[in-house]
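Presented below is the structure to which this report refers.
Protein chains: 2
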Amino acid sequence: MENVRELFHTMTKRLGLLDRNCCAVGGIELSLVQSHILYEIDRMNEPSMQQVADAIAMDITTFSRQIQTLVKMNLVKKTPYPQDRRVYILSLTPEGKYVTAKIDAEVNEYLGEVFSHMSEFERETVLRSIRLLNECMEKSSICCKPLF
Amino acid sequence: MENVRELFHTMTKRLGLLDRNCCAVGGIELSLVQSHILYEIDRMNEPSMQQVADAIAMDITTFSRQIQTLVKMNLVKKTPYPQDRRVYILSLTPEGKYVTAKIDAEVNEYLGEVFSHMSEFERETVLRSIRLLNECMEKSSICCKPLF
DNA sequence: AATAAATAGTTGCATAATGCAAATAAAAGA
DNA sequence: TCTTTTATTTGCATTATGCAACTATTTATT
Chain P
3 MENVRELFHT MTKRLGLLDR NCCAVGGIEL SLVQSHILYE IDRMNEPSMQ
53 QVADAIAMDI TTFSRQIQTL VKMNLVKKTP YPQDRRVYIL SLTPEGKYVT
103 AKIDAEVNEY LGEVFSHMSE FERETVLRSI RLLNECMEKS SICCKPLF
Chain R
3 MENVRELFHT MTKRLGLLDR NCCAVGGIEL SLVQSHILYE IDRMNEPSMQ
53 QVADAIAMDI TTFSRQIQTL VKMNLVKKTP YPQDRRVYIL SLTPEGKYVT
103 AKIDAEVNEY LGEVFSHMSE FERETVLRSI RLLNECMEKS SICCKPLF
C-alpha cells in the first residue's frame with residue numbers, strides 16, 4: 003500500500019468541489035448541507051426527522067434547525083405521523099423536488115464530463131470499483147458507517 | 003450511466019465519516035478542516051498562506067484565522083519570507099508533524115481494513131480506478147479543480 | 001392501570017466557522 | 001514617482017454546531 007490516503011484525499015477533495023458547485027438553482031442558493039438533506043429525503047421512503055439526521059450523521063438539533071429553514075424556503079414539508087405523534091415525516095415539496103432534480107442533473111452532467119475522458123471499458127471498471135469499495139466500507143467494522 | 007451520483011454520494015459520505023473519526027490524537031482534538039490544513043501543509047513544499055488556502059479552496063480570511071488557532075495550538079509555524087515580506091511560509095512544528103503522522107496512520111489503518119475485504123487483484127483495480135478518476139477530474143474543464 | 005424509562009423533536013445558549021468589505025503593508029508595473 | 005496588484009489581517013454580521021434541558025408521546029415495568 004503506497005500513498006493510498008493521498009489518492010483518496012485528492013478524490014474526495016475534487017468531488018467535494020464538484021458538489022459545492024451544484025448548490026444554486028435559479029434564484030435559490032443552497033448550502034452543501036442543505037443540498038445533502040434534500041438528496042436524502044428524496045431517496046428515502048417517507049423518512050422521519052431522526053432517520054434522515056442519522057443517515058447524514060448529523061446532530062439532531064442542528065438538523066432540526068436546518069429543516070426549519072428548508073420548510074421556510076418551501077422546499078421541504080413536515081407531516082405529522084398519525085401512528086406515532088412524536089414523529090414528523092419529511093418530504094419534498096414540488097419546488098423541493100424541482101430543485102433536487104436540477105441539482106441531480108447538474109452533478110450528473112459534471113460526472114458525465116469527467117467520464118467522457120475515459121473509454122467505455124475504463125468507465126465500467128471505475129464504476130465497478132466504486133461499487134466494490136462501497137460494499138467493503140459497508141462491511142467494515144471500524145469506520146465509515148452511518149447509523150441507518 | 004445509471005445512478006452514478008448515488009454511487010459517488012455513498013462513497014464520499016462514508017469516506018467523510020472515516021475522515022471525521024480521525025481528528026483526535028492524544029489530548030488534541032482537531033476539526034476536520036484543521037486536519038485538512040495540516041495535511042496540505044505537510045505535503046506542500048514551503049507553502050505560503052495563500053497557496054494552502056487555494057489548495058483547500060478555502061476563503062483566505064477564514065483560513066487566516068484557522069492558522070492563528072493552529073499556531074496557538076503549537077501545531078503550525080509561520081515564518082516570514084525574506085524574498086517577499088508580504089508572505090508567510092507555513093510549516094508544521096514537531097508537534098504538528100507528530101499529530102499529522104498519527105492521523106495519517108489512523109486513516110491508513112482504516113483504509114487497510116476496508117481493503118482487507120478485497121482480493122489483491124480487486125485492490126489493485128480499485129486503486130487504479132481512483133488514480134484514473136483523479137486524472138480525469140484533473141482534465142475536466144468545468145469542475146472539480148482547486149486553483150493550485 | 002400507574003409509574004418509570006425511552007424516544008422524537010424543539011429551544012436556549014455558548015462557541016466556532018464563514019465570507020464580504022475594508023484596512024495595512026509590501027511588491028510590481030507604468 | 002504614482003498607480004495597481006498581491007498577501008495577509010481585522011471588523012462585522014450571519015450561519016452552523018452541539019450540549020443540556022425541555023415538552024410531548026410512546027413503551028416497558030411492576
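In order, the protein sequences belong to chains P and R.
Numbering of the first sequence is given in my numbering, commencing with residue 3 and proceeding in unit increments.
Numbering of the second sequence is given in my numbering, commencing with residue 3 and proceeding in unit increments.
The beta carbon of each residue, even a glycine, is placed where N, CA and C say it ideally should be.
For a Cβ distance threshold of 9 Å, residue set K15, G18, L19, R22 of chain P lies close to A59 (chain R), ordered along the chain. For the options P:F123, P:E122, P:F117, the alpha carbon positioned closest to that of E140 (chain R) is the one of P:F117. For Y100 (chain R), the uninterrupted alpha helix (DSSP H) run begins and ends at 96-117, by DSSP. Excluding sequence positions up to five before and after T81 (chain R), its CB lies within less than 7 Å of the CB of Y90, I91, S93, all in the same chain and listed in chain order. Taken through DSSP and simplified to helix, strand or coil, A57 (chain R) comes out as helix. Per DSSP, reduced to three states, the secondary structure at E31 (chain P) is strand.
With a threshold of 8 Å between beta carbons, M139 (chain P) makes contact with chain R.
Residue range 122-141 is occupied by the alpha helix (DSSP H) that includes V128 (chain R).
Nearest C-alpha to S37 (chain R) among R:S131, R:L113, R:V109: R:V109. V78 (chain P): not part of any alpha helix (DSSP H); member of the beta strand (DSSP E) spanning 78-82, first to last residue. When only Cα atoms are considered, E122 (chain R) and A103 (chain R) end up about 26 Å apart. Boundaries of the alpha helix (DSSP H) harbouring D21 (chain R): 6-22, taken from the DSSP string. In terms of beta-carbon proximity, D86 (chain P) stays away from the interface with chain R, with every pair separated by 8 Å or more. Exclusion of the five residues before and after R22 (chain P) leaves L34 as the residues of its chain whose Cβ lies within less than 8 Å of its Cβ. Contact annotation, R7 (chain P) with D106 (chain R): C-beta distance approximately 6 Å; criterion of less than 8 Å satisfied. For F123 (chain R), not one C-beta of chain P is nearer than 8 Å to its own C-beta.
Per DSSP, S50 (chain R) lies in no alpha helix (DSSP H) segment and is marked neither H nor E.
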